[in-house]
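A short write-up of the structure that comes next.
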Amino acid sequence: MSAHPTYMLDRCEVADSHTLKVYRENGGYEALEKVLKTPLSPEDVIAVLKDSGLRGRGGAGFPTGLKWSFMPDVAKDDRPRYLAVNADESEPGTCKDRVLLREDPHGLIEGILIACYAMRAEAAYVYVRGEYRLPYERVAAAIDEARAAGLVGENVMGTDFSCQIWMHKGAGAYICGEETGLMESLEGKRGHPRPKPPFPAGYGLWGNPTTVNNVETIQNVPFIVSRGAEWFRSMGTEKSTGNFLCGISGHVERPGVYELPFGLSARSILEEVAGGVWKGRELKAFFPGGSSTGVLPAGSIDVAMDHDSVKGAGSMFGTGAMIFMDETTCVTRIAEVTLRFYEHESCGQCSQCREGTQWLHQIFRRIERGQGTMDDVDMLSTLASGMAPGKTICALSDAAAIPTHSVVKHFRDELEEHVRLGRCPLAGTSQPVGAGA
Ligand SMILES: Cc1cc2nc3c(=O)[nH]c(=O)nc-3n(C[C@H](O)[C@H](O)[C@H](O)COP(=O)(O)O)c2cc1C
Ligand code: SF4
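First residue of the sequence shown: 416, per my numbering; consecutive thereafter.
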């Protein structure tokens, strides 16, 4: 349906796309062959990645080639090294990696093999969200197929490159998607994030050099190696290159996962891709990149969806998971539900986060029920300022503070109206998807 060139989801449309046979019929493992048989050196591969401008798709948008180059020099450090693939996908609104895991598992495996070759990693661990049963089974079956075909394990494609791929199932904790929490969990411990530094490239899994990358990030790698950095840079914007998978949810006519180039306006994504706000209603607000990114008012709908532009609009690109809310939505209620999530998911190590998420949730709940005071509105900002930025071990605290600040900034009138009326001014209209007790 897209007027823009696509590549990531093309294969997913083909019947039995998850099998090795179909993957190979559609150009699969040619990029790996190019790397191993040309051969390209690990440094060559990292150079192509750097040149492509690929940025991580896990939320922070960190340049991938640069991250890979942080792995220590093998001549000076002979510890085993690993890749951890983050398939925990728990950020509310985000559902893109699921499609890739389920429909294109060999694309992920090929990307993993190239990444391990480039970083001289001997093994990769794929950490899959526990609820993703079919995606897990598809990736596990694809690894078995690839191993039987000599693509995973010892002497890949008959060369002296060897690489193992192992899988791990998460158990429902959002915090295990945070890279150091993920590594703790992989090591069999509670998913408590570790303070940084030391960073994973120096001290990762079992104290060894490790790189953590998101599924979609890794899935881009074979395409870049096959088609070149220039091709990749021809899509998107100067600083946000390539396409991204945009998960669209909320009050729209056509929710779903779409492959889009960076730089399209949020308006064109809403109107042309998602079919507009549902039921002919008006837009009230939207999260541009998952619940951890600041909520933006309808007036920001012309923002371009790339890292710099969304930041300029006062939010973050995040995971590109856009959640649209129509005019009947109580944003205070959205904030209450969102903060309830962060309170529940806080691992409790840092007092700012453990206490702050609880207080923010309680205050939003109080205001939404018409029991709040005007002081409560200011208290939200004061508390959120004490929680972030960078005041805690990991960014979950920031993820709770950022939407809080944005709600106070853009929807202060609505918060105050709750206080003045002593009830929700929107009571009786529609409630957010997923609203609970
Ligand atoms: C609380 C929290 C949860 C996260 N959850 C995920 C997740 O589910 N998937 C993911 O890829 N990254 C997640 N991240 C980001 C990771 O820590 C890490 O930055 C990312 O996996 C790096 O991959 P990339 O460079 O390819 O983007 C989370 C971060 C935080 C703070
Ligand atoms: S910020 Fe929150 S989730 Fe992260 S380590 Fe601290 S308490 Fe745990």
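Every residue gets a Cβ at the ideal spot worked out from N, C-alpha and C, and that includes glycine.
For residue 539, the pairing in a beta bridge is given by DSSP as 498 and 580. When 710, 737 and 726 are compared, the shortest CA-CA separation from residue 749 is found for 710. Judged by DSSP in its simplified three-state form, residue 717 adopts coil rather than helix or strand. A distance filter of 6 Å between CB atoms and the heavy atoms of ligand 2 selects the following residues in sequence order: 590, 608, 761, 762, 763, 764, 765, 768, 769, 807, 808, 809, 811 and 812. At least one heavy atom of ligand 1 is found less than 6 Å from the C-beta of residue 503. Spatial neighbours of residue 633 in its own chain (CB-CB distance under 7 Å, excluding positions within 5 residues in sequence) are listed in chain order as 500, 523, 526, 527 and 530. In the structure shown, residue 841 adopts coil according to DSSP, grouped into three states. Residue 739 has its CB no nearer than 6 Å to any heavy atom of ligand 1.
Where residue 600 is concerned, the enclosing alpha helix (DSSP H) starts and stops at 594-601. By the neighbour-count criterion, in which a residue is buried when 16 or more other Cβ atoms sit within 10 angstroms of its Cβ, residue 606 is buried. Set against 6 Å, the gap from the CB of residue 628 to the closest heavy atom of ligand 1 is smaller.
For residue 555, the enclosing alpha helix (DSSP H) covers residues 548-563. Under the three-state reduction of DSSP output, residue 465 falls in the helix class. Using a cutoff of 6 Å, the CB of residue 593 counts as near ligand 1, since one of the ligand's heavy atoms is closer than that.
Taking non-hydrogen atoms of ligand 1 into account, the C-beta of residue 475 is found less than 6 Å away from one of them. Distances between the C-beta of residue 705 and the heavy atoms of ligand 1 are all 6 Å or more.
Exclusion of residue 434 from the 6 Å shell around ligand 1 follows from its C-beta lying no nearer than that to any non-hydrogen atom of the ligand. Considering only 467, 486 and 488, the residue with the shortest C-alpha distance to residue 478 is 467. Within 10 angstroms of the beta-carbon of residue 651 lie 16 or more other beta-carbons, which makes it buried. Comparing alpha carbon positions, the residue from 433, 483, 643 and 821 closest to residue 792 is 821.
Within the DSSP secondary-structure output, residue 572 pairs in no beta bridge. Boundaries of the alpha helix (DSSP H) harbouring residue 436: 435-440, taken from the DSSP string.
Boundaries for residue 706: no beta strand (DSSP E) harbours it, and the DSSP string shows neither H nor E there. A distance below 6 Å between beta-carbons, with the five flanking residues on each side excluded, links residue 803 to the following residues of its chain, in chain order: 812, 813 and 816.
Membership of residue 635 in the alpha helix (DSSP H) is indicated by the continuous run 630-642. Residue 692 is bridged by DSSP to 667.
For the 7 Å CB-CB criterion, residue 617 and residue 608 do not form a contact. Relative to the Cα of residue 733, the nearest Cα in the group 435, 489 and 508 belongs to 508.
Annotated three-state conformation of residue 545 is coil, per DSSP. Note that the C-beta distance between residue 542 and residue 502 is below 7 Å.
Cβ neighbours of residue 621 within its own chain (closer than 6 Å, five residues either side excluded): none. For the stretch 740-775, the full-length alpha helix (DSSP H) segments reaching 4 residues or more read 746-760 along the chain. Residue nearest to residue 697 within the set 668, 465 and 457 is 668 (criterion: CA-CA distance).
Rounded to whole angstroms, the gap between the alpha carbons of residue 619 and residue 551 is 24 Å. With contact defined as three or more Cβ pairs closer than 8 Å, the stretch 817-836 and the stretch 745-759 are in contact. Fewer than three pairs of CB atoms, one per stretch, sit closer than 8 Å, so the stretch 710-729 makes no contact with the stretch 762-769.
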